[in-house]
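In our numbering, the protein residues as written are 5 to 238.
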C-alpha cells in the first residue's frame, strides 16, 4: 500500500515537471483557471507531451485520492455527483457566470437529495418560488408536491422512515468531519464553568457531542422537534 502511494506521488511529480518544462520550452504558459478561456490561453494543450502529462496527473491524482481517503468519504464523493450536475445546470441557465463576472471582486456567494436537486432550476426560475425565502417554497416542495416545510413534513407519521434515515445520515456525516471542526467557532474555554449552550435545531446532537466531549465544564441542551429528539435517544 505504501509503495503504491509513493509510486502515484512520483508519477504526479514527474508529470508536473514534464508539463511545466514543455510549456516553458514552447513559450506557451499553462492555462490559468482565474483568467478567461481563449484559444491563446489553451495553446499549450496542443502539445502531445502536455496532453500525456496532463492525463497521467489526472488519473494518478484520482487513484491517489481513492487510496488515501476513507472508503465512506470516497463513496460520498461518488453518490453526491447529482448535486454538482444540478448546480452546474442552474448556473448555466441563470447566467451565473456573467453575473459574477460583472460583480467582479465584490461578488458574493450563498454559502431524496437527487430529487430535490432535479427541481432546483425550475424552482429558481419560477416567479413565485425563485425570489421567495419561505420554507415551503423550496425545491423539495416542488419535487414532492407538498406545501409544508421539509422539517414539518419529516414530522408526519408517514415519513418515519425518511426521518430516521436522515438522522442516520447525520451520524455518518459527523464521522466524516474533522474532530476540531467547531473548535474555532466560539472560544469554548472562555465560557464560565456551568454555562448552558443551547443548540437550536441541533438534530440528534451530532455537533454538540463533538464539542461537549472536549468541554465538560459546559452544559449542552439540544433543542429540536419532538420526533427528532426521540430519534436521538433511540
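For glycine and all other residues, C-beta sits at the position ideal for the given N, C-alpha and C.
Values in this document were obtained by computation on a predicted structure and should not be read as measured data.
Q: Say whether the stretch 48-60 touches the stretch 78-88, bearing in mind that this needs 3 or more beta-carbon pairs closer than 8 Å, one atom from each stretch.
A: no
Q) Going along the chain, which residues of its own chain have a beta-carbon closer than 8 Å to the beta-carbon of residue 220, five neighbours each way excluded? A) none
Q | Cβ-Cβ distance between residue 153 and residue 143 below 8 Å | A | no
Q) Bridge partners of residue 224, per DSSP? A) 201
Q.
Tell me which residue opens and which closes the alpha helix (DSSP H) that residue 146 is part of.
A. 143-148
(Q) Buried or exposed, going by whether 16 or more other CB atoms sit within 10 Å of the CB of residue 145? (A) buried
**Q.** Simplified DSSP state of residue 85, which is helix, strand or coil
**A.** helix
**Q.** Beta-carbon proximity list for residue 192, same chain, < 6 Å, skipping 5 on both sides
**A.** 219
Q: Count the other CB atoms, across all protein chains shown, that sit within 10 Å of the CB of residue 230; report buried if there are 16 or more and exposed otherwise.
A: exposed
**Q.** Beta-carbon spacing of residue 16, residue 65 below 8 Å
**A.** yes
Q | Alpha-carbon to alpha-carbon, residue 24 and residue 38 | A | 18 Å
Q.
Does residue 137 pass the burial test, meaning 16 or more other C-beta atoms within 10 Å, or should it be called exposed?
A. exposed
Q) For residue 98, which option in 209, 13, 130 has the closest C-alpha, if you only look at C-alpha atoms? A) 130
Q) residue 210 and residue 175 look like a contact to me (Cβ under 8 Å); what is the Cβ gap, rounded to whole Å? A) 6 Å
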